[in-house]
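In this text, residue positions in the sequence shown follow my numbering: the first is 184, and each later residue adds one. In this text, a Cβ means the ideal position worked out from N, Cα and C, and glycines have one as well. See below for the structure under consideration.
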Amino acid sequence: MNDPKAGLALLRQPFDPKLISRLPKPTKAQTDAVKADYKAGVRCEICGTWHHPKVVHLDYVGHAVLTDRLLDADPEWNWEPAKTNDDGTPVLDKDGGMWIKLTVCGVTRLGYGDAEGKTGPSATKERIGDALRNAAMRFGAALDLWSKVDIHFDEHDDDGKDAVAKKAAEEAAAKAKAAEDAKNKKAEPWSADKFAATIKKHAPTVASGAKTVEDLLAWMKTKAPLTAEQEDAVLALRPVSADGEVMTPAEIAAALELEKKEAGQ
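If you want it as structure tokens, here you go:
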């Protein structure tokens, strides 16, 4: 991209949700609990790994996705260690972290990355990828994801625990709201055809006294809302005696027994 301003603006564009990964971030207590008892963990439906059921997940973009965005913004983007040893290797701080300089569209900004205790070649790649994400964030890349919670908090600190608790509470509240919204979502009422077929099917049961219209009405309401006219139609199934009085199940049974006896004479 030849226009530096356009390239830098591109870095700030939100990432497609399909390109965003989920990173489980357990507390030390949660990790220790699963280490002590494997069955205390679960196979996570979000990230596919085995961890404590109450672990908080953080959104992030992977190295390949970020590299693709950097290339779109500036095909000549580059990074370099902020400081090197005599042999040209990056200087690491006492915590094993590394400062880098990321240059995009002629603008250079610092970034910091660590390997979170890993060693060997994998640690180097982890450190570089983390530093690039951190530096790119200074340009606004995936800034909305970083702003949710700082993924570099120390889980041994109270602030870290507070961040995890807050994030867990937010996720729980979001799930509860989604469940409540789904519950309150207005369902489609009974269609005329389905209502008529259901009444035809259950009318004999009500007439025999095996089921009351109240039972039928309650059951139908669990399946779909009823209009006022449909409720009246269900209530109209209630058996009545010759004098117009509503018959109880016992009276219905007695009337049916009497009909059988008269038919047998």
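Which partner residues of residue i appear in the DSSP bridge assignment?
| i | result |
| --- | --- |
| V225 | H234 |
| N261 | T286 |
| T267 | P273 |
| L293 | K284 |
| V396 | Answer is none; V396 lacks a bridge partner. |
| D242 | R205 |
Tell me whether the beta-carbon of residue i lies closer than 8 Å to the beta-carbon of residue j.
| i | j | result |
| --- | --- | --- |
| V217 | H240 | no |
| K264 | I283 | Before going further, note that residue 264 is Pro rather than Lys in the sequence given. In contact: P264 and I283 (Cβ atoms closer than 8 Å). |
| L326 | Y243 | no |
| H385 | L399 | yes |
| L254 | W262 | no |
| L418 | V389 | no |
| I229 | R252 | no |
| Q213 | K237 | yes |
So residue i is in the beta strand (DSSP E); what residue range does that whole segment cover?
| i | result |
| --- | --- |
| P187 | From DSSP, P187 is part of no beta strand (DSSP E) but of the alpha helix (DSSP H) over 187 to 194. |
Tell me which same chain residues have a C-beta within less than 6 Å of the C-beta of residue i, skipping the five on either side of it?
| i | result |
| --- | --- |
| L191 | C288 |
| R226 | W233 |
| L194 | A256, F322, G323, A324 |
| G312 | H246 |
| K208 | V239, L241 |
| G294 | I283, L285, A314, N317, A318 |
| G427 | The predicted position of G427 is uncertain, since its pLDDT is 48 and thus under 50; no value can be drawn from it. |
| T291 | K284 |
Can you list, in chain order, the residues of its chain whose CB lies under 8 Å from that of residue i, leaving out five sequence neighbours each side?
| i | result |
| --- | --- |
| W373 | T381, M403, K406, A407, P408, L409, T410, Q413 |
| P304 | none |
| K453 | Lying outside 184 to 448, the shown extent of the chain, residue 453 is not represented and no answer is given. |
| K394 | H385, T388 |
| D276 | W282 |
So residue i is in the alpha helix (DSSP H); what residue range does that whole segment cover?
| i | result |
| --- | --- |
| L253 | 246 to 256 |
| L206 | Segment 203 to 208 is the beta strand (DSSP E) holding L206; no alpha helix (DSSP H) there. |
| D376 | 375 to 390 |
| D327 | 326 to 329 |
| L420 | First-last for L420: undefined, no H or E at that position. |
| A319 | 304 to 321 |
| T214 | 211 to 219 |
Report all residues from its chain with a CB closer than 7 Å to the CB of residue i; omit the five preceding and five following residues, and keep chain order.
| i | result |
| --- | --- |
| F378 | Q413 |
| D297 | D278, G279, G280, R310, D313 |
| E371 | A407 |
| L249 | L315, R316, A319, A324 |
| N268 | V274 |
| G224 | V217, W233, H234, H235 |
| H335 | In this predicted model, H335 has a pLDDT of only 42, less than 50, meaning its place in the structure is not dependable; the value taken from the coordinates is given anyway. Once the five neighbours on either side are set aside, H335 has no close Cβ partner at all. |
| D340 | Bear in mind that the predicted position of D340 carries a pLDDT of just 45, short of 50, making it unreliable; the figure below should be weighed with that in mind. Within the same chain, D340 has no close Cβ partners at all. |
| L202 | V244, V248 |
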